[in-house]
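Numbered per the numbering used here, the sequence shown spans residues -14 to 324.
One structure is given below, encoded as structure tokens.
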Amino acid sequence: MIVPTGLKAGIAGVGVCLPDRVLTNDELATMVDTSDAWIRERVGVRERRIADAAQAASDLGAVAAARAIGHAGVAAEEVDLVIVATATPDTLFPATACIIQDKLRLKNAAAFDLAAGCSGFVYALAAGSRFVESGLYRTVLVVGAEVLSKVTDWSDRETCILLADGAGAVVLRPAAPGYGILAVKLGADGSGGRYLRRPAGGSRLPHTLKTLAAKLDKLQMDGQEVFRFAIKALPEATLQALAAAGLGKEDVALVIPHQANRRIIEAAARRLELPMEKFMINLDRYGNTSSASVPIALHEALESGRLQDGDIVALTAFGAGLTWGSAILRWQSPAGRTT
Ligand SMILES: CC(C)(COP(=O)(O)OP(=O)(O)OC[C@H]1O[C@@H](n2cnc3c(N)ncnc32)[C@H](O)[C@@H]1OP(=O)(O)O)[C@@H](O)C(=O)NCCC(=O)NCCS
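Shown next, in the form of structure tokens:
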């Protein structure tokens, strides 16, 4: 297949799915030794959404994906590939992407999952955009879907106040000249894996009564180490991706960061010397939804009119692995798309 020079993938549609159940800080304070004031001050979260006991990642992901497909105005048969970024797949296999492919009858689509912690969506966007740019595929669905509540230790006040459930999805298609994903930078430091992990349930430590009793099936985190890593990773990844796109921080209209902690975003803003108005924040209402947080925030930015045609947007995330990544886009309003 002949690849047109400079073809870029652009976001043609966005969709989200947030569970109805709202868990407030006051409610959490009845479960662990914490308070609304502490969580607001140290993290910035007021409330978060929690899935029903029966809901898995594919349930939220399929709804978000269907909405993104509808927004893009493409037919189910046109979807060539589904990539799902998740740390909380329905099952270790088959892939959650295959489950969503089946639920939405995307009969012409290949499907796979991608694990890169909270950076998963940006990694999946990078992977998906390459399929479009190469000319191999024309319509790629990228989903971030998480049900973190099921791997949360609800007696650990350092983690249970942060984590939440949700899904976001985008449809990638060829962008008009000058628009779309201009550059991506990804990185990893596996030596920091111990700072954020779910130890049991894989081939290293299969579930046993002992691992369950020790709660090794739940997420474990060294909050301070992750915090130190995040305040560096967020600005550095953004700057590196901007440089790869031949742009500077002064060109950025909006940074859509992973929604982990308001203080992490404030520290990144200081390092980047950008005003807080240039950062999309909605963690106060949704907490940390891991690989779903960037598309959920992107959707809100779009809905609230914070994205204008031609804007330079940075989608930047960091997370377990340790991993980080940033994608720089020249935003093309889906309604104004010509391709
Ligand atoms: C977890 C995190 C919120 C803790 O905030 P912090 O300001 O670093 O808090 P510290 O760990 O220094 O603890 C300060 C005090 O608050 C207490 N504390 C911790 N969690 C608390 C809670 N939920 N409620 C009340 N007090 C709490 C600690 O026990 C400690 O008490 P002490 O001073 O008596 O020992 C913060 O480290 C963080 O956000 N880290 C990054 C986490 C993250 O983003 N993870 C996902 C990445 S993808």
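Beta carbons: idealized from backbone N, C-alpha and C, even for Gly.
- Under the rule that a run must span 4 or more residues, the alpha helix (DSSP H) segments found entirely inside the segment 95 to 159 read 105 to 118 and 142 to 145.
- It is roughly 10 Å from the alpha-carbon of Ile266 to the alpha-carbon of Glu251.
- As computed with DSSP, Leu300 is found in a beta bridge with Ile241 and Ala312.
- In this structure, Val128 lies near Ala50, with their beta-carbon atoms less than 8 Å apart.
- Comparing alpha-carbon positions, the option among Val1, Glu26 and Gly(-2) lying closest to Asn10 turns out to be Glu26.
- No residue range can be given for Val28, since it is assigned to no alpha helix (DSSP H) and is classified by DSSP as neither H nor E.
- When Cβ pairs closer than 8 Å are counted between the two stretches, the segment 290 to 298 is seen not to touch the segment 86 to 102, the count staying below three.
- Annotation for Ile216: Ile249 and Ala252 place their beta carbon closer than 6 Å to its own, counting only its chain and skipping 5 residues before and after.
- Between Val117 and Arg158, the gap from beta carbon to beta carbon is short of 8 Å.
- Cα atoms of His56 and Ser104: separation of roughly 24 Å, rounded to the nearest angstrom.
- Between ligand 1 and Glu143, a heavy atom-to-CB distance of less than 7 Å is present.
- Between Ser311 and Val69, the C-beta gap is not smaller than 8 Å, which leaves the two residues out of contact.
- For Gly55, the enclosing alpha helix (DSSP H) has its first and last residue at Ala42 to Ala57.
- A Cβ-Cβ separation of about 6 Å places Ala72 in contact with Gly102 under the 8 Å criterion.
- Beyond the five residues adjoining it in sequence on each side, Val211 comes within less than 7 Å, by CB distance, of Tyr180 and Leu181 in the same chain, given in chain order.
- In the structure shown, Val17 falls within a coil segment according to DSSP collapsed to helix, strand and coil.
- The C-beta of Gly113 has 16 or more other C-beta atoms within 10 Å across all chains shown, which makes the residue buried.
- In this structure, DSSP gives Leu232 a state outside helix and strand, which the three-state scheme calls coil.
- The DSSP-derived three-state label of Thr73 is coil.
- When C-beta atoms of the segment 189 to 205 are compared with those of the segment 161 to 175, fewer than three pairs fall below 8 Å, so the two segments do not count as touching.
- Proximity to Gly306 across Gly272, Met206 and Gly231 peaks at Met206, based on C-alpha coordinates.
- In the three-state reduction of the DSSP assignment, Met261 falls in the helix class, which pools H, G and I.
- Secondary structure at Thr196: helix, using DSSP grouped into helix, strand and coil.
- Annotation for Gln209 indicates a beta carbon within 7 Å of some heavy atom of ligand 1.
- As a beta-bridge residue in DSSP terms, Ile68 pairs with Phe97 and Val127.
- In the assembly as shown, Leu77 is an exposed residue. Its beta-carbon has fewer than 16 other beta-carbons within 10 Å.
- Annotation for Arg6: the continuous beta strand (DSSP E) segment containing it runs Arg6 to Thr9.
- Apart from sequence neighbours up to five positions away, the residues of its chain that approach Gln225 with a beta-carbon distance below 6 Å are Lys170, ordered along the chain.
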